[in-house]
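2 protein chains.
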Amino acid sequence: MKKPVLAVIEDESDIQEMVAFNFQKAGYGVHGARDGLNGLRLVKRLMPDLVILDLMLPDMDGREVCRQLKADKGTRLIPIMMLTALAGEADRIVGFELGADDYLTKPFSPRELVLRAQAILRRTQEPPLDNKTVCVGRLLIDPERHRVEFDGQPIRLTATEFRLLHYLASTPGKIHSREYLLDLVWGYSYKGYSRTVDTHVRRLRDKLGAAQDYIETVRGAGYRIREGL
Amino acid sequence: MKKPVLAVIEDESDIQEMVAFNFQKAGYGVHGARDGLNGLRLVKRLMPDLVILDLMLPDMDGREVCRQLKADKGTRLIPIMMLTALAGEADRIVGFELGADDYLTKPFSPRELVLRAQAILRRTQEPPLDNKTVCVGRLLIDPERHRVEFDGQPIRLTATEFRLLHYLASTPGKIHSREYLLDLVWGYSYKGYSRTVDTHVRRLRDKLGAAQDYIETVRGAGYRIREGL
DNA sequence: GTGAAATGTGACAGTGATGTTACGGGTTGC
DNA sequence: GCAACCCGTAACATCACTGTCACATTTCAC
Numbered sequence: 003m004k005k006p007v008l009a010v011i012e013d014e015s016d017i018q019e020m021v022a023f024n025f026q027k028a029g030y031g032v033h034g035a036r037d038g039l040n041g042l043r044l045v046k047r048l049m050p051d052l053v054i055l056d057l058m059l060p061d062m063d064g065r066e067v068c069r070q071l072k073a074d075k076g077t078r079l080i081p082i083m084m085l086t087a088l089a090g091e092a093d094r095i096v097g098f099e100l101g102a103d104d105y106l107t108k109p110f111s112p113r114e115l116v117l118r119a120q121a122i123l124r125r126t127q128e129p130p131l132d133n134k135t136v137c138v139g140r141l142l143i144d145p146e147r148h149r150v151e152f153d154g155q156p157i158r159l160t161a162t163e164f165r166l167l168h169y170l171a172s173t174p175g176k177i178h179s180r181e182y183l184l185d186l187v188w189g190y191s192y193k194g195y196s197r198t199v200d201t202h203v204r205r206l207r208d209k210l211g212a213a214q215d216y217i218e219t220v221r222g223a224g225y226r227i228r229e230g231l
Numbered sequence: 003m004k005k006p007v008l009a010v011i012e013d014e015s016d017i018q019e020m021v022a023f024n025f026q027k028a029g030y031g032v033h034g035a036r037d038g039l040n041g042l043r044l045v046k047r048l049m050p051d052l053v054i055l056d057l058m059l060p061d062m063d064g065r066e067v068c069r070q071l072k073a074d075k076g077t078r079l080i081p082i083m084m085l086t087a088l089a090g091e092a093d094r095i096v097g098f099e100l101g102a103d104d105y106l107t108k109p110f111s112p113r114e115l116v117l118r119a120q121a122i123l124r125r126t127q128e129p130p131l132d133n134k135t136v137c138v139g140r141l142l143i144d145p146e147r148h149r150v151e152f153d154g155q156p157i158r159l160t161a162t163e164f165r166l167l168h169y170l171a172s173t174p175g176k177i178h179s180r181e182y183l184l185d186l187v188w189g190y191s192y193k194g195y196s197r198t199v200d201t202h203v204r205r206l207r208d209k210l211g212a213a214q215d216y217i218e219t220v221r222g223a224g225y226r227i228r229e230g231l
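Residue numbers (our numbering), protein chains in the order written: chain A, 3 to 231; chain B, 3 to 231.
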C-alpha cells in the first residue's frame, strides 16, 4: 500500500505542528492549510486520503468547510476527522450530521489521534465488498439476494450475521481480529464492546449447523474462514 | 548497532546521577544539562538519539524546551521522554500535546526507566513488523493468515509463540537478546522474568519439530534464526 | 577436572480468552 | 398494541495458554 496522504486544516500553529509531526512519524505524507478557503483549495487539488479539520477557523466555520467538501462530487468520499475544543454532546451530533467520519476533542494524545486516523483509513481504504456471489467449499453467499446456502439448503440470517459472514468469507484463510470486524461490520464509529463479535459468531455458528466448522477461532487473534473443506 | 547517545536535562542532582548511572550501565552514552538553555544547546550540538527532559527546570519550563525542540527542523525528530512529579492526567495530556513520546512520573524504578527508553528507541529506529509473509529456508510465516508452514506442512502455534517466531524470523542471522524479545513480544511495560523467553523458545522448538534447527541459541547473548538451511 | 553460570526440560496452578446462556430494550410487522 | 424478532450486554463456565519454579543438562573459565 502506498503512503497515505493527509490534509490538515488548522490555524493554531502548535496543533498543526503536533499533528503533522506525529503523522509524519507514523509514515504519512502531511500537507497543511491554515484557514478554510485555502483548506478547500488544498483538498481539491491534493485529493488526500483523509482530512483533519479544525472546527474553529479564522475565516470560515469548520462546519461550513465540511459541508462544502461533502457537497462536492469530487471530494465527497474523502473521510473527515474533526478537531474541536468543545466537548458538548450537541457539537458532537452536529459534527456527525455534517458527514464528519470521526470527531476528536482537544486535548488529545498523539496516540489517540493516529489510532483513530488509522481506523478510518483501514475502513475506507479497504476495497468495498462487492455484490459478487462468494463460494467457499460447500457454502455459498449471494449478497445481491441476501441469501446463504449450504449444499443448496438455504440458511436464514439476520442482516448483521449476514454481513459478518460475508466479510469473513470474502477473504478465506485471513485472520479478522475483533476490532477489525467491528470496524467493518459495525462501522468504525461504533463504540461497543468487542465481545459483541463473539456473540454474533456464536449465533452464526448455530444457524450454520453442520457448516459451522467453516468458522475457525484463532485464540488471541480473531476469527477466520477455514479453507479446503 | 552503535552505542545510543542520550541527553539528560534535569536540575536535581540525585535524579541526574541516578539516570546517568543506569543508562551507562545499560551501555548508553550519557550527557547532561542542568537547565533549559544549556539543555537546548546540548541537544542541538550533540544530536542525541533520545532526550530525557524534566518538566520543572530552574530557568525555563520543560514544556517550553520540548516545544522549541519540536519546532526546530534539526531536532524535531529526536524522541523526548518527559519526567515529572505530577501524575495528574491533565499534565499527561499536556505532555503529549507538545509531542513528547513518553512520560514518566516520579518516583520511577531504574528498570522501568531503561525499559521505556529502549522501547522508544526501538520504535523510532526499527521499522515496525508488517504483514508480509516471511520466508526462511523451508519455513514460511504468514502473519495475515496467522499461519506457519514447514515444507508446506502447517504448524499450529499459540499467539505468543507466533509473535516470537515472527520477530525472530523477520531478521534472520541477527541475535535477539532475551530483554529485547521481552520488550518486543511481550511489550515494554512487561515486568516478568527473562527465563519466560526460554520456556517459550522451548515450546516453539517442540512444535517446529524437524524445523527446530532454525532456532539457534547463542550462549550469553540470546537467540537467532539460522540462515542457509 | 571442577565449579559456576547459562540454558534445556517437565510440571503446575492461575489467568485470561472464548463459549454459552440469559435478559431487557428496541424495532418491525401485523 | 401486541408479538416476534433482533441486538448488545452481562454473568457464568470452561479450557487453552501462560509464567514461574525446580531440577537436569550443557557450556565455559580457570
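Where is the CB? At the ideal position from N, CA and C, for every residue including glycine.
Just so you know, these numbers come straight off a predicted model, no measurement behind them.
In this structure B:Leu52 is buried. Its beta-carbon is surrounded by 16 or more other beta-carbon atoms within 10 angstroms.
Residues of chain A with a Cβ closer than 8 Å to the Cβ of B:Arg147 are, in chain order, Gly175, Lys176, Ile177 and Arg226. Annotation: Cβ neighbours of A:Val220 in chain B (cutoff 7 Å, chain order): His148. A:Gln155: member of the beta strand (DSSP E) spanning Gln155 to Ile157, first to last residue. Of the residues assessed, B:Leu166 falls on the buried side of the cut-off, its CB having 16 or more other CB atoms within 10 angstroms. Taking a beta-carbon distance threshold of 7 Å, A:Ala223 counts as an interface residue toward chain B.
The three-state secondary structure of B:Asp208, taken from DSSP, is helix. Classified as exposed, A:Met49 has fewer than 16 neighbouring CB atoms from the shown chains inside 10 Å of its CB. Within chain B, no C-beta atom comes less than 7 Å from the C-beta of A:Glu14; the nearest is roughly 11 Å away.
Fully contained in the segment 158-185 of chain A is no beta strand (DSSP E) run of length 3 or more. Of all C-beta pairs linking the segment 61-81 of chain A to the segment 26-40 of chain A, three or more are shorter than 8 Å, placing the two stretches in contact. Non-local C-beta neighbours of B:Ala22 in its own chain, meaning closer than 8 Å and more than five positions away in sequence, comprise Val10, Val32 and Gly34, ordered along the chain. Around the beta carbon of A:Gly224, 16 or more other beta carbons lie within 10 angstroms, which makes this residue buried.
Listed along chain A is no residue with a C-beta nearer than 8 Å to that of B:Ala171; the closest approach is about 17 Å. Among the residues facing chain A, B:Ala161 is included, as its CB has a counterpart in that chain under 7 Å away.
Annotation for A:Met84: no alpha helix (DSSP H) segment contains it, though the beta strand (DSSP E) segment containing it runs Ile82 to Thr86. Within 10 angstroms of the beta-carbon of A:His148 lie fewer than 16 other beta-carbons, which makes it exposed. The C-beta distance from B:Leu55 to B:Met84 rounds to 6 Å, short enough to meet the 8 Å contact threshold.
Just measuring C-alpha positions, the residue of B:Pro156, B:Gly175, B:Gln214 and B:Ala87 sitting nearest B:Ile17 is B:Ala87.
For A:Glu66, no beta strand (DSSP E) encloses it; the enclosing alpha helix (DSSP H) starts and ends at Gly64 to Ala73. Contact annotation, B:Leu170 with B:Ile217: C-beta distance approximately 7 Å; criterion of less than 8 Å satisfied.
Closest by C-alpha distance to A:Asp132, out of A:His168, A:Ala102, A:Pro156 and A:Phe25, is A:His168.
Secondary structure note for B:Val45: it is in no beta strand (DSSP E), and the uninterrupted alpha helix (DSSP H) holding it is Gly38 to Leu48.
With distances taken between CA atoms, B:Gln214 lies nearest to B:Val203 out of B:Lys5, B:Val203 and B:Thr107.
Following the DSSP letters along the chain, one finds A:Ala22 inside the alpha helix (DSSP H) bounded by residues Ser15 to Lys27.
Contact residues of the segment 20-54 of chain A toward chain B are Met20, Phe23, Asn24 and Lys27 (C-beta to C-beta distance below 8 Å). Residue environment: A:Asp104 is assigned as buried (16 or more neighbouring CB atoms within 10 Å of its CB, all protein chains considered).
Within the model, the alpha-carbon separation for B:Leu123 versus A:Leu183 is close to 32 Å. Residue environment analysis places A:Ala73 among the exposed positions, since fewer than 16 neighbouring C-beta atoms fall within 10 angstroms of its C-beta. A straight-line Cα-Cα distance of about 32 Å links B:Ser15 and B:Arg180.
Classified as buried, B:Arg118 has 16 or more neighbouring CB atoms from the shown chains inside 10 Å of its CB.
The beta carbons of B:Ala212 and A:Gly222 sit no closer together than 7 Å.
Annotation: the continuous beta strand (DSSP E) that includes A:Glu218 extends over Ile217 to Val220. Non-local beta-carbon contacts of A:Ile177 in its own chain, meaning distances under 7 Å to residues more than five positions away in sequence, involve Val220, Ala223, Gly224 and Arg226 in chain order. Listed along the chain, the chain A residues whose CB falls inside 8 Å of the CB of B:Arg78 are Phe23. Here B:Glu12 carries a coil assignment [DSSP, helix/strand/coil].
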